[in-house]
Amino acid sequence: MKRSICLGTILMLVSLTARADTIEMKVFGMVCGFCAQGIEANLRKNPAVTDVVVSLEKKLVIVETRAEESIDDAVLAKTIADAGYSLKGVSRTQRTMADYRAAIERSEK
Amino acid sequence: MSTITTTCGFAFVLAATLILQRAEARPIVYANSTTAMVDYTEDKMSEAQVFYAPKSFISFGLGHMEIEGGGSHPEHEVTYVRVNFLAKRWNMEAAQANVFAWGGIDSAHMTQIVSLTTPSPQSEHDHGEPPPPSEISYEQRIGASGWNAGGQIDFETRRIYSSFKTDYHNSSAFTHRVDTLQFGVAPYIHDTDDLATWFVVSATRYSGNASGSHEDDQLSFLLRFFKKRMWVEAGATTDGKLQARAMFSL
């Protein structure tokens, strides 16, 4: 019993540490679909990025990175600036992209 | 003439470059984007442009414009190469404003109808009334090199859009200027993957000596749609002429 609890805890920890990092960025200047296209295209050039979601309503750009890979704030700021927009804040969370997509969909309704 | 040849040669190289770059292309105003635009106003002008943006603040490319003239100068054409600069952008929380400037070189052509009045040949044995002189008309194509310059300021939120644009072409064959003021309202707020819809009012002034009349004002009402990388608008001027534009980014 003890062994299985131990094993379960280890597996849970491994899955947590191996979980993809999600980066939430507040971006100013996004007013149309073209803005989102350009930002997404620029971010996807980074090999650490696996998924990107843009919400014009919330002024958010959400990036999912590969497990155990991250992107420096300076790199993120440069990527957003190169696309022609202004990065106003970065936070790192454990929320999944599905959570974000659901939240964005709810806010649109 | 050699300037025109040089311009055409440069245009060809640029066109080839654009075609080769297309596989790597991204939307407009971002690094590595290619954008194609067409603009049509019935009985007035049509224009096609292709631009490649290596950075978000600069693009360069080709354009071709045909202007309906009047009287003895029915057709005017300009093929040009141009560099566009994003001079300034303001990124606000829920709005964006921009100042663009552009300039380049033109290869202009004008078709001129030339009428010649020649006396009719008179026969040696014809001692009657002289025959009336005959008139011959033919088309003459005149080419000239020139330059172009212009700019645009705009302000946009997800609900309203306004812009002023001026575009000037100058050559020894003719000059042509188009000033356009636009105001748009979105009936609903769109997000990234939605179809965006806009009602647009556009006021345009055509001037220069390429048109039959030197100044011509037009007011038009347009319906604009865009989604992802495609943008189209169509409508009519107050005198019932079709006006349409489309833009596609890769």
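Chains as they are written, first to last, in this note's numbering: chain D, 1090 to 1198; chain H, 31 to 280.
We put the beta carbon where it would ideally sit given N, CA and C, even for glycine.
Residue span of the beta strand (DSSP E) that contains residue i, given as start and end
i: H:Ala138; result: Gln126 to Thr148
i: H:Ala226; result: Ala226 to Ser237
i: H:Met67; result: Ser63 to Thr71
i: D:Thr1139; result: Val1138 to Ser1144
i: H:Ile190; result: Ile190 to Ser201
i: H:Pro84; result: Met75 to Lys85
i: D:Leu1176; result: Ser1175 to Thr1182
i: D:Ile1112; result: Thr1111 to Phe1117
i: H:Gly265; result: Met260 to Thr267
i: H:His342; result: In the structure as shown, chain H begins at 31 and stops at 280. Residue 342 of chain H is therefore absent and cannot be evaluated.
Residue span of the alpha helix (DSSP H) that contains residue i, given as start and end
i: D:Gly1127; result: Gly1122 to Arg1133
i: D:Thr1168; result: Asp1162 to Ala1172
Minimum Cβ-Cβ distance from residue i to chain D less than 8 Å
i: H:Leu280; result: no
i: H:Arg346; result: Any question about residue 346 of chain H goes unanswered here, given that chain H covers just 31 to 280.
i: H:Met122; result: yes
i: H:Ser86; result: yes
i: H:Ala276; result: no
i: H:Ala117; result: no
i: H:Ala131; result: no
i: H:Gln248; result: no
i: H:Gln142; result: no
i: H:Ala138; result: no
i: H:Ala125; result: yes
Exposed unless 16 or more other CB atoms sit within 10 angstroms - verdict on residue i
i: H:Ile143; result: exposed
i: H:Gln170; result: exposed
i: H:Thr36; result: The predicted position of H:Thr36 is uncertain, since its pLDDT is 44 and thus under 50; a value taken from the coordinates is nonetheless stated next. Exposed, by the Cβ-count rule.
i: H:Ser193; result: buried
i: D:Gln1183; result: exposed
i: D:Val1142; result: buried
i: D:Met1119; result: buried
i: H:Arg112; result: buried
i: D:Ser1180; result: exposed
i: D:Ala1191; result: exposed
i: D:Tyr1174; result: buried
i: H:Gly6; result: Since the first residue shown for chain H is 31 and the last is 280, residue 6 of chain H is missing from the structure and cannot be characterised.
i: H:Glu123; result: exposed
i: H:Tyr168; result: exposed
i: H:Tyr218; result: exposed
i: H:Arg259; result: buried
i: H:Thr147; result: exposed
Contact check, residue i vs residue j, beta carbons under 8 Å
i: H:Ala174; j: H:Tyr198; result: no
i: H:His139; j: H:Ile172; result: yes
i: H:Ser279; j: H:Thr267; result: no
i: H:Asn128; j: H:Asp184; result: yes
i: H:Lys74; j: H:Tyr236; result: yes
i: H:Ala61; j: D:Asn1135; result: no
i: H:Thr282; j: H:Thr234; result: In the structure displayed, chain H extends from 31 to 280; residue 282 of chain H sits before or after that span and is not available.
i: H:Gly176; j: H:Tyr191; result: no
i: H:Ala226; j: D:Cys1121; result: yes
i: H:Glu263; j: H:Val230; result: yes
i: D:Val1152; j: D:Val1164; result: no
i: H:Asp69; j: H:Tyr110; result: no
i: D:Ile1112; j: D:Ala1172; result: no
i: D:Asp1110; j: D:Ser1144; result: no
i: H:Ala131; j: H:Gly93; result: no
i: H:His106; j: H:Phe255; result: no
i: D:Lys1177; j: D:Phe1117; result: yes
Residue i at chain H interface by Cβ criterion, 8 Å
i: D:Lys1148; result: yes
i: D:Leu1132; result: no
i: D:Asp1171; result: yes
i: D:Leu1145; result: yes
i: D:Ser1175; result: yes
Practice prompt. Compile a chain-ordered list of the residues in the region 1179-1194 of chain D whose CB is closer than 9 Å to at least one CB of chain H.
Written response: Cβ contacts with chain H: Ile1193.
Worksheet item: Using a beta-carbon distance cut-off of less than 9 Å, what residues from the region 251-274 of chain H approach chain D?
Response: From the region 251-274 of chain H, only Phe256, Lys257, Lys258, Arg259 and Trp261 have a Cβ closer than 9 Å to chain D.
Worksheet item: Between the region 1112-1142 of chain D and chain H, which residues of the former have a C-beta closer than 7 Å to a C-beta of the latter?
Response: Taking 7 Å as the Cβ-Cβ cut-off against chain H, the residues of the region 1112-1142 of chain D that qualify are Phe1117, Gly1118, Val1120, Cys1121, Gly1122, Phe1123, Ala1125, Gln1126, Gly1127, Ala1130 and Asn1131.
Item to complete: With 8 Å as the limit, tell me which residues of the region 203-226 of chain H have their beta carbon closer than that to any beta carbon of chain D; keep them in chain order.
Response: For the region 203-226 of chain H, the set of positions with a beta-carbon nearer than 8 Å to some beta-carbon of chain D reads Ile219, His220, Asp221, Thr222, Asp223, Asp224 and Ala226 in chain order.
Item to complete: Could you please tell me which residues of the region 164-197 of chain H, in chain order, have their CB closer than 8 Å to any CB of chain D?
Response: When C-beta distances to chain D are compared with 8 Å, the residues of the region 164-197 of chain H below that value are Glu186, Thr187 and Arg188, in chain order.
Item to complete: Report the residues of the region 62-83 of chain H with a CB closer than 9 Å to any CB of chain D, ordered along the chain.
Response: Contacts with chain D (Cβ-Cβ distance below 9 Å) from the region 62-83 of chain H involve Asn62 and Ser63, listed in chain order.
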